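Chains as they are written, first to last, in my numbering: chain D, 36 to 190; chain S, 36 to 190.
We put the CB at the ideal spot given by N, CA and C, even for glycine.
Bear in mind the structure is a predicted one, so any value in this text is a computation, not a measurement.
2 protein chains.
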Amino acid sequence: MGIEIERKFLVQSEAWRAATTSRQRLTQGYLCREPSRVVRVRVAGEQGFLTIKGAPQGLARLEFEYPIPVAEAHQLLQLADGPVIDKWRHLCPAGGGLVWEIDEFLGDNAGLIVAEIELQDEAQAFDRPEWLGAEVTEDKRYLNANLAVQPFKTW
Amino acid sequence: MGIEIERKFLVQSEAWRAATTSRQRLTQGYLCREPSRVVRVRVAGEQGFLTIKGAPQGLARLEFEYPIPVAEAHQLLQLADGPVIDKWRHLCPAGGGLVWEIDEFLGDNAGLIVAEIELQDEAQAFDRPEWLGAEVTEDKRYLNANLAVQPFKTW
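Quick look at the structure:
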């Protein structure tokens with residue numbers, strides 16, 4: 036359990052690609068997509084995860100994450116409400132022990148690329164690389180739970 | 036993961052009490068209460084559980100259960116949709132390696148007592164004790180997810 040404090044940005048160039056150190060394919064769906072709570076099933080390579088998030092409150096959000104067998108995660112995806120989200124997650128060192136998680140969406144969200152950084156507190160400073168675009172942290176269209184049912188291609 | 040095959044009955048006397056071998060207090064709430072899937076948080080003594088169930092199909096239901104830290108289960112109960120269910124679960128040997136789980140509800144469901152037996156297949160025979168009442172397996176009012184929002188006292 037923890038409080039997740041995350042800021043989310045668009046990217047304004049492809050320069051981030053040269054700085055990545057790894058990528059992983061993520062497939063995820065939602066058992067619950069209420070404004071007040073989300074229950075997410077994720078397949079990340081050979082691992083499954085079940086994650087519960089509370090309502091976003093500013094930059095912070097209550098988050099509980101549990102690893103589960105990947106075969107069960109695949110089965111749970113079939114119980115999901117709405118289409119699954121499919122994306123590449125690229126990791127890119129952000130300095131100061133921080134990491135940019137850059138999500139390059141596929142399928143109905145193809146064309147959307149979003150960079151996220153997880154912070155220890157809301158006031159924490161971080162370096163802004165030149166590829167970083169506009170902040171969209173509080174724009175709920177970019178919540179993955181919403182992208183599942185109102186994908187980027189429909190915007 | 037598994038398929039849960041369960042039959043559910045009312046009780047028609049208090050004679051089951053003399054046959055019980057243990058009881059445990061269960062507190063549970065629902066992060067999702069859709070007809071097609073349920074996400075349940077349960078506190079059972081000093082253990083927490085997160086459980087996902089698919090839609091009931093006859094006597095069978097897809098079920099996934101994961102133990103979680105009890106402190107996190109208490110926090111997740113606060114994200115639940117609707118009131119929590121509070122009950123004593125009594126165990127009572129049913130013969131042939133089977134077990135009666137007898138749920139004695141508290142709070143807004145006080146007065147309701149339901150006996151459940153989990154089977155390996157839908158045709159499996161089992162002994163019917165004299166205290167066993169009418170079968171309610173397919174009566175959705177008795178689903179705990181429904182009892183949370185339409186408790187017994189409102190019937």
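Original post:
Expressed to the nearest angstrom, what Euclidean distance is found between the alpha-carbon atoms of Lys43/D and Glu153/D?
Top reply: Taking the first sequence and counting its residues from 1, the one referred to as residue 43/D is at position 8. Taking the first sequence and counting its residues from 1, the one referred to as residue 153/D is at position 118. Going from the Cα of Lys43/D to the Cα of Glu153/D covers about 9 Å.
Subject >> Reference Ser71/D; option with closest CA among Ala115/S, Leu141/S and Asp162/S >> reply: Here residue 71/D refers to the residue found at position 36 of the first sequence. Nearest Cα to Ser71/D within the set Ala115/S, Leu141/S and Asp162/S: Ala115/S.
Original post:
Whose CA, out of Ala53/D, Ala129/D, Ala79/D and Ile87/D, lies closest to the CA of Leu66/S?
Top reply: For the purposes of this step, residue 66/S is taken as residue 31 along the second sequence, with counting starting at 1. Closest by alpha carbon: Ile87/D.
Original post:
Helix, strand or coil: how does DSSP classify Ala54/D here?
Top reply: The count along the first sequence starts at 1 and reaches residue 54/D at position 19. Looking at Ala54/D - three-state DSSP - the assignment turns out to be helix.
Original post:
Nearest to Pro118/D by CA position, among Arg75/D, Glu100/D, Glu157/D and Gln82/D, is which residue?
Top reply: Numbered from 1 along the first sequence, position 83 holds the residue referred to as residue 118/D. Minimum Cα-Cα distance from Pro118/D among the listed residues Arg75/D, Glu100/D, Glu157/D and Gln82/D corresponds to Arg75/D.
Subject >> Three-state class that DSSP yields for Arg163/S in the structure shown >> reply: Translated into positions along the second sequence, residue 163/S becomes position 128. The DSSP-derived three-state label of Arg163/S is coil.
**OP:** Quick one: grab the DSSP three-state call for Glu157/S.
**Re:** To locate residue 157/S, count along the second sequence from 1; it is residue 122. Coil.
Subject >> Whole runs of the alpha helix (DSSP H) within the segment 78–128 of chain D, excluding any shorter than 4 residues >> reply: Assignment of alpha helix (DSSP H) within the segment 78–128 of chain D, counting only whole runs of 4 or more residues, yields 105–112 in chain order.
**OP:** Identify each residue in the segment 70–93 of chain S for which the Cβ-Cβ distance to at least one residue of chain D is less than 8 Å, and report them in chain order.
**Re:** Per Cβ criterion, the list reads Ser71, Arg72, Val74, Leu85, Ile87 and Gly89.
**OP:** Could you round the C-beta distance between Arg182/D and Asn144/D to whole angstroms and report it? I think they count as a contact, below 8 Å.
**Re:** Within the first sequence, the letter at position 147 stands for residue 182/D. Within the first sequence, the letter at position 109 stands for residue 144/D. The question names Arg, yet the displayed sequence has Leu at residue 182/D. Right, their Cβ atoms sit about 5 Å apart.
**OP:** State yes or no: is the beta carbon of Glu107/S nearer than 9 Å to at least one beta carbon in chain D?
**Re:** For this step, residue 107/S is matched to residue 72 along the second sequence. Output row for Glu107/S: interface = yes.
**OP:** Starting from Leu182/S, follow the alpha helix (DSSP H) in both directions and report where the run begins and ends.
**Re:** Locating residue 182/S in the second sequence gives position 147, counting from the first residue. Residues Asn179 to Leu182.
Subject >> Counterpart residues of Glu173/D in DSSP-defined beta bridges >> reply: Residue 173/D sits at position 138 when you count from the first residue of the first sequence. Paired residue(s): none; Glu173/D is not in a bridge.
Original post:
Residues in its own chain within less than 6 Å of Phe140/S by CB, not counting five upstream and five downstream?
Top reply: As a position in the second sequence, residue 140/S is number 105, starting the count at 1. The residues are Lys122 and Leu147.
Original post:
Are the segment 100–109 of chain D and the segment 53–64 of chain S touching by the rule of at least three beta carbon pairs closer than 8 Å?
Top reply: Segment contact: the segment 100–109 of chain D against the segment 53–64 of chain S, fewer than three CB-CB distances shorter than 8 Å; contact not assigned.
Original post:
Can you tell me whether Arg163/S is buried or exposed, with buried defined as 16 or more other CB within 10 angstroms of its CB?
Top reply: Along the second sequence, read from residue 1 onward, the residue named residue 163/S stands at position 128. With fewer than 16 other Cβ atoms within 10 Å, it is exposed.
Original post:
Using a C-beta cutoff of 9 Å, does Asp121/D count as contacting chain S?
Top reply: For the purposes of this step, residue 121/D is taken as residue 86 along the first sequence, with counting starting at 1. No, Asp121/D lies away from the interface with chain S (no Cβ there is under 9 Å from its Cβ).
Original post:
Rounded to whole angstroms, how far is the Cβ of Glu223/S from the Cβ of Glu136/S, which I believe are closer than 8 Å?
Top reply: Absent from the model: residue 223/S. The displayed extent of chain S is 36 to 190, so no value can be given.
Subject >> Whole-Å CB distance - Val149/S paired with Leu112/S, under 8 Å assumed >> reply: Translated into positions along the second sequence, residue 149/S becomes position 114. Translated into positions along the second sequence, residue 112/S becomes position 77. Incorrect: roughly 21 Å between the Cβ atoms, too far for contact.
Original post:
What does a CB cutoff of less than 6 Å around Gly130/S pick up in its chain, not counting 5 residues either side in sequence?
Top reply: In the second sequence, counting from the first residue as 1, residue 130/S sits at position 95. Cβ neighbours of Gly130/S beyond the five flanking positions: Asp162.
Original post:
Whose Cβ in chain S lies nearer than 7 Å to the Cβ of Ile103/D?
Top reply: Along the first sequence, read from residue 1 onward, the residue named residue 103/D stands at position 68. Near Ile103/D (Cβ distances below 7 Å), the residues of chain S are Tyr101.
**OP:** Check the C-beta distance from Ala54/S over to Glu165/S and give it rounded, since I have them as a contact under 8 Å.
**Re:** Within the second sequence, the letter at position 19 stands for residue 54/S. Within the second sequence, the letter at position 130 stands for residue 165/S. Incorrect: roughly 11 Å between the Cβ atoms, too far for contact.
**OP:** At 8 Å on the CB atoms, spell out the chain S contacts of Leu111/D, in chain order.
**Re:** The residue you call residue 111/D lines up with position 76 of the first sequence. For Leu111/D, the chain S residues whose C-beta falls within less than 8 Å of its own C-beta are Ile87 and Phe99, listed in chain order.
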